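Please read the structure below before turning to the comments.
2 protein chains.
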Amino acid sequence: MGKGEQTRQAILDEAFSLASCVGVGGLSIGILAERTKMSKSGLFAHFGSKEELQLAVLREAQQRFAEVVLRPAFRQPRGVARLRAIVLNWLDWTREANLPGGCVINAAAAEFDDQPGPLRDEVRRGLIALRRTLVDTVAKAVEAGDLRPDTDPEQFAFELEGIYQVAQQSRRLLNDPDADRRALFAFDRLVRDYAVERDKE
Amino acid sequence: MGKGEQTRQAILDEAFSLASCVGVGGLSIGILAERTKMSKSGLFAHFGSKEELQLAVLREAQQRFAEVVLRPAFRQPRGVARLRAIVLNWLDWTREANLPGGCVINAAAAEFDDQPGPLRDEVRRGLIALRRTLVDTVAKAVEAGDLRPDTDPEQFAFELEGIYQVAQQSRRLLNDPDADRRALFAFDRLVRDYAVERDKE
DNA sequence: GACATTAACGAACGATCGTTCTATAAATGC
DNA sequence: GCATTTATAGAACGATCGTTCGTTAATGTC
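Respectively, the protein sequence lines represent chains A and B. Under the working numbering, residue 232 is the last one in the first sequence; the count climbs by one each step, no gaps. Under the working numbering, residue 232 is the last one in the second sequence; the count climbs by one each step, no gaps.
Encoded structure:
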């Protein structure tokens, strides 16, 4: 990795954790230059525009999400076990990745949902991909015989995301120490409702 | 209402719908002055600081939420009927109130969850109050005999908020036309799981 | 209708924003 | 080790930010 790529990545690391606190829209080249001990212009040259930097942060977030949440979970066998692994990794990916200020992706989703442009498009693309991954994973859990054949994977994925979002908010804003426990409880209820009743009398 | 209060309210109306699009943090006095056809300084005088204006917007949001979502629902009898009314009003309160860019409160929650200060405190206060209202309403549904006595109102309210949040995101960012339907489906599943089985064979 | 009060304006402030340009320093390829 | 490309710094730009100040216009009161 050449020198250029190296500092670019260092900047991105800093931008990533900063965005976690102030949001992707709240990023400032001046502050970022200060934190990385670079000049504004030197830092700027790596991206060409602020928007390009913001896009890079969003892409970085998606990549880390895939690495930290999805990839390890896919080592679990298809079915509910894999789904549960996703939920568990998901719930503490803000600790795993360097996200002191909470989930960048969720924050960006709320921030750009009504501001057309490349940033919104990027967030949208990422969330659509995530939704599809979830739907597929649920569908495979049906195929594997863990969930009932009449399960609606879209509905299941929809509810999964809701559980994650409220957990995030409860933990960060309401300081609810039970947020993770409640999220897992909700997940279990979801699974139980759609589970194949293997041992009914 | 004197002239002062009158224009203050007009500014607040404009700020409210603007914040819906760009977020409470994205509000700008210059742009707001432009939209209301006032001078920056004239507008500024009504609030004394930008932060005070932002706080006023947050309080306005909470007040409208109580009026549009909660108050009408409380005309329903205690129990699941009232809960359902809350969910229905909640799901389209962004249409009812003047919120072209989505739920201000949720956006602010994501925006300020890691930025200590009066704004975060205000958002937090509002969401805690909402949570308490939901918990109480669920508890009353238990008392009324609609939900099983072992229902955990906190858990129920937790899941309700998740349903709302994912519905909001799905609708606004993913352009999912089925978001509301899925949210109601999730709500029904929630109710069914905790419902007293009145007519079991 | 004169007077006190309040609301609104216009100009300017210092700070910061993203961005551009030119020049120097460092890294790279031979 | 030299030449060339690449990375960084520094200064400056125009724009916008929130805020302050002094003045004028409008409102409310007796």
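Using N, Cα and C, we set each Cβ at its ideal position, and we do this for glycine too. All figures in this text were calculated on a predicted structure; none of them were measured in a lab.
message: Assuming contact is defined by CB atoms lying nearer than 8 Å, are residue 58 of chain A and residue 150 of chain A in contact in what I supplied?
response: no
field: Partners in chain A for residue 203 of chain B, counting only beta-carbon separations shorter than 8 Å
entry: 144, 145
query: If the cut is a Cβ gap below 8 Å, which residues of chain B does residue 157 of chain A touch?
result: Correct list: empty, because the minimum Cβ distance to chain B is about 10 Å.
- request: Report yes or no: do three or more beta-carbon pairs, one from the region 180–198 of chain A and one from the region 215–222 of chain A, lie closer than 8 Å?
  value: A contact exists between the region 180–198 of chain A and the region 215–222 of chain A.
query: Mind checking if residue 192 of chain A is an interface residue toward chain B, Cβ cutoff 8 Å exclusive?
result: It does; some Cβ of chain B falls within 8 Å.
- request: State the Cα-Cα distance for the pair residue 154 of chain B and residue 174 of chain A, rounded to the nearest angstrom.
  value: 44 Å
message: Three or more C-beta pairs under 8 Å: does that hold for the region 99–108 of chain B against the region 68–88 of chain B?
response: no
field: Neighbouring residues, chain A, relative to residue 224 of chain B (Cβ below 8 Å)
entry: Close to residue 224 of chain B, with beta-carbon spacing below 8 Å, are these residues of chain A in chain order: 220, 224.
query: In chain order, what residues of the same chain have a beta carbon less than 7 Å from the beta carbon of residue 75 of chain A, not counting five sequence neighbours either side?
result: 60
message: Please state whether the Cβ-Cβ distance between residue 157 of chain A and residue 51 of chain A is less than 8 Å.
response: no
- prompt: Do you know how far the Cα of residue 144 of chain A is from the Cα of residue 207 of chain B?
  reply: Computed Cα separation, rounded: 13 Å.
task: Could you name each continuous alpha helix (DSSP H) segment of 4 residues or more that falls completely within the region 93–149 of chain B, going from the start of the chain to the end?
output: 111–122, 124–127, 135–143
query: Between which two residues does the alpha helix (DSSP H) containing residue 182 of chain B stretch?
result: Segment: none, residue 182 of chain B is in no alpha helix (DSSP H) and carries neither H nor E.
task: Could you spell out the range, first to last residue, of the alpha helix (DSSP H) harbouring residue 46 of chain A?
output: 34–53
- prompt: Skipping 5 residues on each side, what residues in its chain have a beta carbon closer than 7 Å to that of residue 194 of chain B?
  reply: 214, 217, 218
- prompt: Along chain A, in chain order, which residues have C-beta atoms closer than 7 Å to that of residue 118 of chain B?
  reply: Correct list: empty, because the minimum Cβ distance to chain A is about 13 Å.
- prompt: Where does residue 205 of chain A fall in DSSP's three states?
  reply: coil
query: Should residue 231 of chain A be flagged as near chain B, meaning a C-beta pair shorter than 8 Å?
result: With a pLDDT of 48 at residue 231 of chain A, under the threshold of 50, the predicted position of this residue should be treated as unreliable, though the coordinate-derived value follows. It does not: the Cβ of residue 231 of chain A has no partner Cβ on chain B nearer than 8 Å.
task: Please classify residue 113 of chain B: is it buried, with 16 or more other beta-carbons within 10 angstroms of its beta-carbon, or exposed?
output: buried
- prompt: Skipping 5 residues on each side, what residues in its chain have a beta carbon closer than 6 Å to that of residue 187 of chain B?
  reply: Around residue 187 of chain B: 169.
- request: Taking a Cβ distance cut-off of 9 Å, strictly less, list which residues of the region 118–136 of chain B are near chain A, in chain order.
  value: 131, 132, 133, 134
task: Taking the CB atoms as reference points, tell me whether residue 233 of chain A and residue 129 of chain A lie closer together than 8 Å.
output: Residue coverage of chain A in this structure runs from 32 to 232, which leaves residue 233 of chain A outside it and unanswerable.
As assigned by DSSP and simplified to three states, the class of residue 226 of chain B: strand
- request: Reducing DSSP to helix, strand and coil, say where residue 231 of chain A ends up.
  value: Residue placement at residue 231 of chain A is poorly supported in this model, since its pLDDT is 48, which falls under 50; the coordinates still yield a value, given next. Coil.
task: Give a yes or no on whether 8 Å exceeds the smallest Cβ distance from residue 148 of chain B to chain A.
output: no
field: Alpha-carbon spacing of residue 137 of chain A relative to residue 127 of chain A, whole angstroms
entry: 16 Å
query: In chain B, what lies closer than 9 Å to residue 197 of chain A by C-beta?
result: By Cβ distance, chain B contributes 189, 190, 191, 192, 193, 194, 195, 196, 197.
- request: Could you work out which residues of chain A lie near residue 93 of chain B, taking near to mean beta carbons separated by less than 9 Å?
  value: Neighbours of residue 93 of chain B across chain A, judged by C-beta separation under 9 Å, do not exist; the nearest C-beta is about 14 Å away.
query: Buried or exposed: where does residue 102 of chain B fall if 16 or more other Cβ atoms within 10 Å of its Cβ makes it buried?
result: exposed
- request: May I ask which residues mark the beginning and end of the alpha helix (DSSP H) holding residue 74 of chain A?
  value: Its alpha helix (DSSP H) spans residues 71–75.
Reduced DSSP secondary structure (H/G/I, E/B, other) of residue 58 of chain B: Coil, per DSSP.
query: Between residue 185 of chain A and the rest of its own chain, which residues show a CB-CB distance below 7 Å, the 5 nearest in sequence each way excluded?
result: 166
- prompt: Does any CB atom of chain A fall closer than 8 Å to the CB of residue 85 of chain B?
  reply: Not closer than 8 Å to any Cβ of chain A, the Cβ of residue 85 of chain B fails to qualify, so no.
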